[in-house]
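Engineer: Each residue of the sequence shown is one higher than the one before, counting from 517 in this note's numbering.
Think of the CB as a built atom: it goes at the ideal place given N, C-alpha and C, for glycine as much as any other residue.
The structure displayed is predicted, hence computed values, not measured ones.
This is the structure I have questions about; it appears just below.
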Amino acid sequence: MKVLVIGAGGREHALAWQCAKDNNVETVYVAPGNAGTALEPKCQNIVLDNKDTDNEHSAVIEFCQYNDIDIVIVGPEAPLVTGIIDACRKAGVQAWGPTAYCAQLEGSKTFAKEFMQNNNIPTAAYQGFTDAASAKAYVDKQGAPIVIKADGLAAGKGVIVAETTEQAHAAIDDMLADNKFGDAGSRVVIEQFLQGEEASFICMIDGDNILPMATSQDHKRAFEGDTGPNTGGMGAYSPAPVVTDEVHNKVMTQVIQPVVDAMNAAGHPYTGFLYAGLMIDDAGDPYVIEFNCRFGDPETQPILMRLQSSIVDLVTAGLAGQLPKEANWDERPALGIVIASKGYPETSSKGDVISGLPELDDQQSVKVFHAGTDFTKEVENLDININTQSANAQNDSDKEIVTNGGRVVCVTALADSILNAQQAALSVAGAISFEGAHYRRDIGYQAIARED
517 MKVLVIGAGG
527 REHALAWQCA
537 KDNNVETVYV
547 APGNAGTALE
557 PKCQNIVLDN
567 KDTDNEHSAV
577 IEFCQYNDID
587 IVIVGPEAPL
597 VTGIIDACRK
607 AGVQAWGPTA
617 YCAQLEGSKT
627 FAKEFMQNNN
637 IPTAAYQGFT
647 DAASAKAYVD
657 KQGAPIVIKA
667 DGLAAGKGVI
677 VAETTEQAHA
687 AIDDMLADNK
697 FGDAGSRVVI
707 EQFLQGEEAS
717 FICMIDGDNI
727 LPMATSQDHK
737 RAFEGDTGPN
747 TGGMGAYSPA
757 PVVTDEVHNK
767 VMTQVIQPVV
777 DAMNAAGHPY
787 TGFLYAGLMI
797 DDAGDPYVIE
807 FNCRFGDPET
817 QPILMRLQSS
827 IVDLVTAGLA
837 GQLPKEANWD
847 ERPALGIVIA
857 SKGYPETSSK
867 GDVISGLPEL
877 DDQQSVKVFH
887 AGTDFTKEVE
897 NLDININTQS
907 ANAQNDSDKE
917 IVTNGGRVVC
927 VTALADSILN
937 AQQAALSVAG
947 AISFEGAHYR
957 RDIGYQAIAR
967 ED
């Protein structure tokens, strides 16, 4: 089999790595990938325009057709929102993910909130605004803390948890007046602040059948103790002890099943990964903070470290409408720590040489998934001539690896407890260095307190 993974982050490295473990897989192409996927056995980076909306994602489709790609797995949200699944289906290419209609659950906060309200899915009270003065007046009436969200896609950073009305006003100005998030911030959603413990609940859905993945918890704040600005995620662990069997059942019946039923009723069956970011209150009741239409990052890394079933088999079953109800999991917990570049999340530093990266197969229980990495010399990845179906690979092993984005790597460890997984990840993370590198040392602290 040949698999194409779309994307460049840690999530895509983990997906490609898992696909390559399947004995039936010959090659995993990653578009565009990163330094980690370039070095991964059976994986090859390629350059494709996966944002080609004018030509209906023709570059991806032509590559798949001329190179006999069996399965396409789309990692990031942007191509999903712009209809890459719709285009692939029209061309007869087997691609895993939701259609553009369903991807609005992530692409528009307003769509998602109205969808939840119309289908009785528990979520925070909210109101949407395009005018800064009206938004500020609403904040003044509601008080703080309060949550300000850019309506569109903002790479996981368009959410501000304002502790004061002044912070809320500043966030509104950034989004509506100063255009900090571009078109994504031309409309804002202002939400009630929810109390409780967060969890990530990710499923595979084939239109009718639901396969819950292992639960996880993400750490969005930049600094220890869950302080500082929101990021795309500074670390995650799996499973999340806050999701008890009772909570799990509530999430399935009150959140996931209503999404499946409502999308089917609308004539747009949901297929692909569905991510529900949850707040679990003291009574064990879940409230949806956000929906994502893909696997979370960095949750993917610890979840896929624990997955013992073949992700290729699961996607194949999903494409056939035959998802099983359960997958096989390593009973041990896994924990991932993101090492970010200087200035993240406000800015990112590129071109800084990274030292201390372990060899790919140094340790079976610790894996370093690359995200914002590249090589010192420009990498030609694969020189693809679609018309002749030729591909010329190159050896990248002699090049230095450098930073190429905000979140650089995610050091992920399996162990017999979350504490031991944290310590194993910290040990490897401590050996990795580059200018401005920073990471949290308390990832998993809530679960560790529960273990104690």
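What is the residue span of the alpha helix (DSSP H) that I601 lies within?
Structural biologist: Here the question's residue 601 lines up with position 85 in the sequence shown. Run containing I601: I600 to A607, per the alpha helix (DSSP H) assignment.
Engineer: Note the first and the last residue of the continuous beta strand (DSSP E) segment covering T928.
Structural biologist: Taking the sequence shown and counting its residues from 1, one reaches residue 928 at position 412. Where T928 is concerned, the enclosing beta strand (DSSP E) stretches over R923 to L930.
Engineer: Please name the residue, chosen from L710, F627 and M768, that lies closest to A640 on a Cα-to-Cα basis.
Structural biologist: Here residue 640 is taken as the residue at index 124 of the sequence shown, counted from 1. Out of L710, F627 and M768, L710 has the C-alpha closest to the C-alpha of A640.
Engineer: On the DSSP bridge list, what partners appear for K665?
Structural biologist: On the sequence shown, residue 665 is found 149 positions in, with the first residue counted as 1. V675 and V705.
Engineer: Here's the rule I'm using: 16 or more other beta-carbon atoms within 10 Å means buried, otherwise exposed. How should R822 be labelled?
Structural biologist: Counted from its first residue, the sequence shown places residue 822 at position 306. So R822 ends up on the buried side.
Engineer: Using alpha carbons as the reference points, say which of K841, V869, E875 and A756 lies closest to M963.
Structural biologist: Translated into positions along the sequence shown, residue 963 becomes position 447. For the record, residue 963 in the displayed sequence is Ala; it is not Met. The shortest C-alpha separation from A963 is found at A756.
Engineer: Below 8 Å, can you find three or more Cβ-Cβ pairs linking the region 676–689 to the region 767–782?
Structural biologist: no
Engineer: Give me, in chain order, the residues of the same chain whose beta-carbon lies closer than 7 Å to that of Q905; leave out the 5 immediate sequence neighbours on both sides.
Structural biologist: Mapped onto the sequence shown, residue 905 falls at position 389. Only weak support is given to the placement of Q905: the predicted model assigns it a pLDDT of 37, under 50, and the value that follows is read from those uncertain coordinates. Cβ within range, chain order: Y582 and N583.
Engineer: Any idea if K974 is buried or exposed, counting beta-carbon neighbours within 10 angstroms, 16 or more meaning buried?
Structural biologist: Because the chain in this structure spans residues 517 to 968, residue 974 falls outside the shown range and cannot be described.
Engineer: Would K665 and V705 qualify as a contact pair, given that the criterion is a beta-carbon distance under 7 Å?
Structural biologist: Counted from its first residue, the sequence shown places residue 665 at position 149. Counted from its first residue, the sequence shown places residue 705 at position 189. Cβ atoms of K665 and V705: closer than 7 Å.
Engineer: Smallest Cα separation from H685: which of L669, A653 and S716?
Structural biologist: Translated into the one-based positions of the sequence shown, residue 685 becomes position 169. Considering only alpha carbons, the answer is A653.
Engineer: Could you check whether the region 839–852 touches the region 612–629, counting it as contact only if at least three pairs of C-beta atoms, one from each stretch, sit closer than 8 Å?
Structural biologist: No, the region 839–852 is not in contact with the region 612–629.
Engineer: With a cut-off of 8 Å, do at least 3 Cβ pairs link the region 764–774 to the region 860–874?
Structural biologist: no
Engineer: Starting from M720, follow its DSSP beta bridges and name the residues at the other end.
Structural biologist: As a first step, residue 720 is located in the sequence shown; it is residue number 204 there, counting from the start. According to DSSP, which records beta bridges pairwise, M720 is partnered with L727 and F789.
Engineer: From the DSSP output, in three-state form, read off G946 for me.
Structural biologist: For the purposes of this step, residue 946 is taken as the residue at position 430 of the sequence shown. In the displayed model, G946 falls within coil according to three-state DSSP, outside both helix and strand.
Engineer: If V758 and I796 are in contact, beta carbons under 8 Å, what's the gap, nearest whole angstrom?
Structural biologist: Mapped onto the sequence shown, residue 758 falls at position 242. Mapped onto the sequence shown, residue 796 falls at position 280. With a Cβ gap of about 5 Å, V758 and I796 count as contacting.
Engineer: Quick one: residues in its chain with C-beta nearer than 8 Å to the C-beta of K558, no 5 flanking neighbours on either side, listed in chain order?
Structural biologist: Indexing the sequence shown from 1 puts residue 558 at position 42. Within the same chain, K558 has close Cβ partners A536, V541, E542, T543 and V544.
Engineer: State yes or no: is the C-beta of I853 within less than 7 Å of the C-beta of Y955?
Structural biologist: Walking along the sequence shown from the start, residue 853 turns up at place 337. Walking along the sequence shown from the start, residue 955 turns up at place 439. Yes, the pair counts as a contact, with Cβ atoms nearer than the cut-off.
Engineer: Candidates A947, N634, S754 and D742: which alpha carbon is nearest A781's?
Structural biologist: Counting from one through the sequence shown, the residue named residue 781 turns up at place 265. Ranking the options by Cα distance to A781, first place goes to N634.
Engineer: Assuming contact is defined by CB atoms lying nearer than 7 Å, are D925 and V884 in contact in what I supplied?
Structural biologist: As a working note, residue 925 is residue 409 in the sequence shown. As a working note, residue 884 is residue 368 in the sequence shown. Note on residue identity: the sequence assigns Val, not Asp, to residue 925. Yes, these two residues count as a Cβ contact at 7 Å.
Engineer: Take the Cβ of A799 as the centre, count every other Cβ of all protein chains shown within 10 Å, and call the residue buried at 16 or more, exposed below.
Structural biologist: Walking along the sequence shown from the start, residue 799 turns up at place 283. The residue is exposed, with fewer than 16 neighbouring Cβ atoms inside 10 Å.
Engineer: Kindly indicate which three-state DSSP category E622 falls into: helix, strand or coil?
Structural biologist: Within the sequence shown, the letter at position 106 stands for residue 622. The answer is helix: DSSP assigns E622 an H, G or I state.
Engineer: Quick one: grab the DSSP three-state call for F579.
Structural biologist: Locating residue 579 in the sequence shown gives position 63, where the first residue counts as 1. Here F579 sits in helix by DSSP.
Engineer: State the Cα-Cα distance for the pair N901 and I522, rounded to the nearest angstrom.
Structural biologist: Locating residue 901 in the sequence shown gives position 385, counting from the first residue. Locating residue 522 in the sequence shown gives position 6, counting from the first residue. Residue confidence for N901 is low, a pLDDT of 44 falling below 50, so the modelled location carries little weight and cannot support an answer.
Engineer: Only counting the same chain, and skipping five residues up and downstream in sequence, which positions put a Cβ closer than 6 Å to that of P592?
Structural biologist: On the sequence shown, position 76 is the one that residue 592 refers to. Excluding positions up to five away in sequence, the list reads G523.
Engineer: For A660 and L830, I'd like the C-alpha separation in whole angstroms.
Structural biologist: If you number the sequence shown from 1, residue 660 lands on position 144. If you number the sequence shown from 1, residue 830 lands on position 314. So the alpha carbons of these two residues sit roughly 44 Å apart.
Engineer: Return the CA-CA distance between I589 and L520, expressed in angstroms with no decimal places.
Structural biologist: Here residue 589 is taken as the residue at index 73 of the sequence shown, counted from 1. Here residue 520 is taken as the residue at index 4 of the sequence shown, counted from 1. Their backbone Cα atoms lie some 6 Å apart in a straight line.
Engineer: Closest to A551 by CA distance: which of T889, I726, A941 and S933 is it?
Structural biologist: Sequence index remark: in the sequence shown, residue 551 carries index 35 (1-based). Measuring from the Cα of A551, the nearest candidate turns out to be T889.
Engineer: Which same chain residues, not among the five before or five after S716, have their C-beta less than 8 Å away from its C-beta?
Structural biologist: As a first step, residue 716 must be located in the sequence shown, where it is residue number 200. The residues are T731, S732, Q733, D734, A752, A756, Y791, A792, G793, L794, G812 and E815.
Engineer: Please classify D899: is it buried, with 16 or more other beta-carbons within 10 angstroms of its beta-carbon, or exposed?
Structural biologist: By one-based count along the sequence shown, residue 899 stands at place 383. Annotation note: pLDDT 45 at D899 (below 50); position unreliable, coordinate value reported separately. It counts as exposed.
Engineer: By how many angstroms is the C-alpha of S857 removed from the C-alpha of T919?
Structural biologist: In the sequence shown, counting from the first residue as 1, residue 919 sits at position 403. In the sequence shown, counting from the first residue as 1, residue 857 sits at position 341. When rounded, the separation of the alpha-carbon atoms in T919 and S857 is 7 Å.
Engineer: Give me, in chain order, the residues of the same chain whose beta-carbon lies closer than 6 Å to that of N808; leave out the 5 immediate sequence neighbours on both sides.
Structural biologist: For the purposes of this step, residue 808 is taken as the residue at position 292 of the sequence shown. Taken in chain order, the residues that qualify are E622 and Y791.
Engineer: Since R737 is in the beta strand (DSSP E), which residue starts that stretch and which ends it?
Structural biologist: Taking the first residue of the sequence shown as 1, we reach residue 737 at position 221. That run of the beta strand (DSSP E) goes R737 to F739.
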